[in-house]
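Protein chains in written order, with the numbering used here: chain S, 558 to 775; chain D, 940 to 1063.
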């Protein structure tokens, strides 16, 4: 059980592209902003990972996800009191700027729980797309019910990555408490839906193009 | 020069059995914690990249899939100029691994990285 290499022991400017790629993501590197994810988004991605790869990380051929990259983007919510009586209305924004150029969007879905059991009744939820202009809101219907009660709504048509005006997705998470009111149900806030970007990373390897200007792109 | 080849053939036949130091694939299970990367790599906990090690035999067997250049280089080393090194024992085929990572902005990334596990070796 060797002690883990302290990050500082990595070469200052790692030559190995994988080291470079990973070092850019290391905690404490510039841009590392928020606490690592936890709760339902992490559980969802761990389940997805276990279905896609074995314990040594080898992709299961039988279970191809149809792409080599899936990014989970968590919502930024605007504070305030989302409850009004039995209604829950939460505005959510997903910031998408800065997607690597080599990653081409294949599909985008928002994953949420359409129904939640409460002590006294159920919480029924839906998603509304808040268009940038004055266009009417669009109620998103789930296109797939993957597992464990999650629903996926396709939002691909509303996203054009790289087009600066569309690097934000604004939604409204709308829920209503059904069944007898009472008890402490009112305080149960549903977890925020999260965005999944199914991307095709066109750089099969890891060498960032800037590092090898004269090398034929793999 | 049949005399040399005949001599070499005896070496070759002896080598046929494959000396234990011949070029071959070796396991090396490693954890991302050992690499100091476990802060942001959530899965897998370990993987085995394997590595290739050993001497390339004088006459390269077909199962090494040697390029013709390596066969010629091996002859040159053997018969013409020993200062020309024998071919090197390097990976031949690779396979990818999938990694689950935490991103600097708090996102989670599932990514398949190509060429992360050496599956066989060759002499080049």
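Note that CB positions come from ideal geometry on N, CA and C, so glycine has one too.
Tell me, please, whether the CB atom of residue 630 of chain S is closer than 8 Å to any CB atom in chain D?
yes
Within 10 angstroms of its Cβ, does residue 623 of chain S collect 16 or more other Cβ (buried), or is it exposed?
exposed
I want to verify the contact list: residues of chain S whose CB lies under 7 Å from the CB of residue 1035 of chain D, in sequence order.
616
Which of the three DSSP states is assigned to residue 731 of chain S in this structure?
strand
Starting from residue 756 of chain S and walking both ways along the beta strand (DSSP E), at which residues does that stretch end?
751–758
Answer yes or no: does any C-beta atom of chain S fall closer than 8 Å to that of residue 990 of chain D?
no
Less than 8 Å between the C-beta atoms of residue 680 of chain S and residue 715 of chain S, yes or no?
no
Taking a Cβ distance cut-off of 9 Å, strictly less, list which residues of the region 1025–1056 of chain D are near chain S, in chain order.
1034, 1035, 1036, 1037, 1038, 1039, 1040, 1041, 1042, 1043, 1044, 1045, 1046, 1047, 1048, 1049, 1050, 1051, 1052, 1053, 1054, 1055 and 1056
Where residue 1044 of chain D falls: helix, strand or coil (DSSP):
coil
To the nearest angstrom, how far is it from the Cα of residue 1033 of chain D to the Cα of residue 706 of chain S?
38 Å
Pull up the distance between the alpha-carbon of residue 1003 of chain D and that of residue 669 of chain S, whole angstroms please.
52 Å
Please work out which residues of its chain come closer than 6 Å, Cβ to Cβ, to residue 769 of chain S, disregarding the five sequence neighbours upstream and downstream, and give them in chain order.
With a pLDDT of 44 at residue 769 of chain S, under the threshold of 50, the predicted position of this residue should be treated as unreliable, and no value is reported.
Do three or more CB pairs link the region 746–761 of chain S to the region 657–676 of chain S at distances below 8 Å?
yes
Could you tell me the distance, in whole angstroms, from the CA atom of residue 712 of chain S to the CA atom of residue 674 of chain S?
26 Å
Segment limits, beta strand (DSSP E) that includes residue 661 of chain S:
660–669
Answer yes or no: does any C-beta atom of chain S fall closer than 8 Å to that of residue 1003 of chain D?
no
Given that a residue counts as buried once 16 or more other Cβ atoms are within 10 Å of its Cβ, and exposed if not, what is residue 625 of chain S?
buried
Closer than 8 Å, CB to CB, is residue 966 of chain D near chain S or not?
no
So, does the CB of residue 676 of chain S fall closer than 8 Å to a CB anywhere in chain D?
no
Consult DSSP for residue 714 of chain S and reduce its assignment to one of helix, strand or coil.
helix
Reduced DSSP category for residue 678 of chain S - H, G, I as helix; E, B as strand; rest coil
strand
Please go through the same chain and pick out, in chain order, the residues whose beta-carbon is closer than 8 Å to the beta-carbon of residue 657 of chain S, but skip the five residues on each side of it.
758
So who's on the other strand from residue 645 of chain S, going by DSSP bridges?
S/640 and S/732
Per-residue burial, residue 1050 of chain D [other beta carbons within 10 Å of its own, 16 or more giving buried]:
buried
Strictly under 8 Å for the Cβ-Cβ distance: is residue 987 of chain D near chain S by that measure?
yes
What distance in whole Å lies between the Cβ atoms of residue 1057 of chain D and residue 989 of chain D, which are believed to be in contact at a cut-off of 8 Å?
4 Å
Nearest-angstrom Cα distance between residue 755 of chain S and residue 963 of chain D?
38 Å
In whole angstroms, what separates the C-alpha of residue 1026 of chain D from that of residue 1054 of chain D?
22 Å
With 16 other CB atoms within 10 Å as the buried threshold, where does residue 700 of chain S fall?
exposed
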